[in-house]
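Q: Here it is, the structure, as structure tokens.
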Amino acid sequence: MKKIIFTVFFITCFCAAAFAQSGGNNLDYVLKNMEEADKKVNTLEVDYVQEVIYEFTNEKQKITGNLKYKKPSNIFVVQKTPQEQRIYIDGKKITMYTPENSQAIIDNWKNVVNGDFAPAAMVSFGSNWKNISKDNDISLIGEDENNYILLVAPKSKRDWNMKMFVSKKTFYPQKALVDSDGIIISVDLTSYKTNLDFKKDFFKFNAPEGVEIIKLN
1402 MKKIIFTVFF ITCFCAAAFA QSGGNNLDYV LKNMEEADKK VNTLEVDYVQ
1452 EVIYEFTNEK QKITGNLKYK KPSNIFVVQK TPQEQRIYID GKKITMYTPE
1502 NSQAIIDNWK NVVNGDFAPA AMVSFGSNWK NISKDNDISL IGEDENNYIL
1552 LVAPKSKRDW NMKMFVSKKT FYPQKALVDS DGIIISVDLT SYKTNLDFKK
1602 DFFKFNAPEG VEIIKLN
């Protein structure tokens, strides 16, 4: 999986016997309900907290921000800490703008959706799981009192995986645990707001004067 240097990272199994006996029906049930819940949402806003642990150095980093989503594929993220960063996604390209550095990095969204940018991948999962499943395996590996637990992992090069906790009540993603090449990422989504009035231009990056644009693809 391609690695990009930027501060926002895209992001215990039990009851195994019960799920093994039930086959794929429970997975179909969760994905269908996630898709149905997603159909009722045109726009979405959520706060997120990420905790990143670098296993080789034991360094820890806490990241907070706000994410806005407008169908079909527009996402705008304002990372608040540890460094201000604004991320614009249109479903094809992702632009990561860091005001402090006067620099914007533009890349293919597909290069970073798998694992590196967990919050954006999570909020759009209900509408995008079929597309995600083309390159990744999705399985239901357990549940707790409030959530179903899904596992997402690449079909080919298995250098990362994401456990996603989906609310039994709303079928919105609540939490994710991403394990990727010595990096452990915990993501919590809170304060969901749906069907707000967002203008389309809100999700478009307009580079301020003097900003360096770096295109990776």
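The opening residue of the sequence shown carries number 1402 in this note's numbering; numbering runs sequentially from there. For each residue, glycine too, the CB sits at the ideal point set by N, CA and C.
For residue 1586, write down the residues that DSSP places opposite it in a beta bridge.
A: Working through the sequence shown from its first residue, we reach residue 1586 at position 185. DSSP output for residue 1586 lists 1453 and 1579 as bridge partner(s).
Q: For residue 1415, does the count of other Cβ atoms within 10 angstroms reach 16, so buried, or fall short, so exposed?
A: For this step, residue 1415 is matched to residue 14 along the sequence shown. A caution first: residue 1415 carries a pLDDT of 33, below 50, which makes its placement in the model unreliable, though a value can still be read off. Residue 1415 comes out exposed.
Q: Relative to the alpha-carbon of residue 1579, which residue among 1532, 1588 and 1606 has its alpha-carbon at the smallest distance?
A: For the purposes of this step, residue 1579 is identified with residue 178 of the sequence shown, where counting begins at 1. Among 1532, 1588 and 1606, the Cα nearest to that of residue 1579 belongs to 1588.
Q: If you draw a straight line from the C-alpha of residue 1536 to the C-alpha of residue 1557, how long is it?
A: Numbered from 1 along the sequence shown, position 135 holds the residue referred to as residue 1536. Numbered from 1 along the sequence shown, position 156 holds the residue referred to as residue 1557. If you take the alpha carbons of residue 1536 and residue 1557, they lie about 8 Å apart.
Q: Measuring straight from C-alpha to C-alpha, what distance separates residue 1532 and residue 1551?
A: Within the sequence shown, residue 1532 is the residue found at index 131, counting from 1. Within the sequence shown, residue 1551 is the residue found at index 150, counting from 1. Approximately 16 Å between the Cα atoms of the pair.
Q: When the Cα of residue 1609 is compared with those of 1501, 1576, 1600 and 1432, which residue comes out closest?
A: Taking the first residue of the sequence shown as 1, we reach residue 1609 at position 208. With distances taken between Cα atoms, residue 1609 lies closest to 1501.
Q: What's the call for residue 1455, buried or exposed, on a 16-neighbour Cβ count within 10 Å?
A: By 1-based counting over the sequence shown, the position of residue 1455 is 54. Flag for residue 1455 reads exposed.
Q: Once DSSP output is grouped into helix, strand and coil, what is the label at residue 1593?
A: For the purposes of this step, residue 1593 is identified with residue 192 of the sequence shown, where counting begins at 1. Residue state, collapsed to three classes: strand.
Q: Within this structure, are the beta carbons of residue 1510 and residue 1542 separated by less than 8 Å?
A: As a working note, residue 1510 is residue 109 in the sequence shown. As a working note, residue 1542 is residue 141 in the sequence shown. Cβ atoms of residue 1510 and residue 1542: not closer than 8 Å.
Q: Taking 8 Å as the cut-off, decide whether the C-beta atoms of residue 1564 and residue 1547 are in contact.
A: Walking along the sequence shown from the start, residue 1564 turns up at place 163. Walking along the sequence shown from the start, residue 1547 turns up at place 146. Not closer than 8 Å, so no.
Q: Residues in the same chain with beta-carbon distance under 6 Å from residue 1452, minus the five sequence neighbours each way, listed in chain order, please.
A: By 1-based counting over the sequence shown, the position of residue 1452 is 51. Only 1463 and 1587 meet the Cβ criterion.
Q: Let me check understanding here. Comparing Cα to Cα, which of 1604, 1497 and 1435 lies closest to residue 1475?
A: The residue labelled residue 1475 in the question sits at position 74 within the sequence shown. It is 1604.
Q: Which whole-angstrom value describes the C-beta separation of residue 1505 and residue 1606, a residue pair presumed to lie in contact below a C-beta threshold of 8 Å?
A: Reading the sequence shown from its first residue, position 104 is the one you call residue 1505. Reading the sequence shown from its first residue, position 205 is the one you call residue 1606. Sure, about 7 Å apart at Cβ, within 8 Å.
Q: Hey, would you say residue 1539 sits closer than 8 Å to residue 1553, going by beta carbons?
A: Stepping through the sequence shown from its first residue, residue 1539 is reached at position 138. Stepping through the sequence shown from its first residue, residue 1553 is reached at position 152. It is a contact, given that the beta carbons lie within the stated cut-off.
Q: Distance, Cα to Cα, residue 1596 vs residue 1459?
A: Within the sequence shown, the letter at position 195 stands for residue 1596. Within the sequence shown, the letter at position 58 stands for residue 1459. Cα to Cα, the separation comes out at about 40 Å.
Q: Which partner residues of residue 1462 appear in the DSSP bridge assignment?
A: Counting from one through the sequence shown, the residue named residue 1462 turns up at place 61. Partner(s): 1453.
Q: With 16 other CB atoms within 10 Å as the buried threshold, where does residue 1516 fall?
A: For the purposes of this step, residue 1516 is identified with residue 115 of the sequence shown, where counting begins at 1. The predicted position of residue 1516 is uncertain, since its pLDDT is 44 and thus under 50; a value taken from the coordinates is nonetheless stated next. Under this definition residue 1516 is a buried residue.
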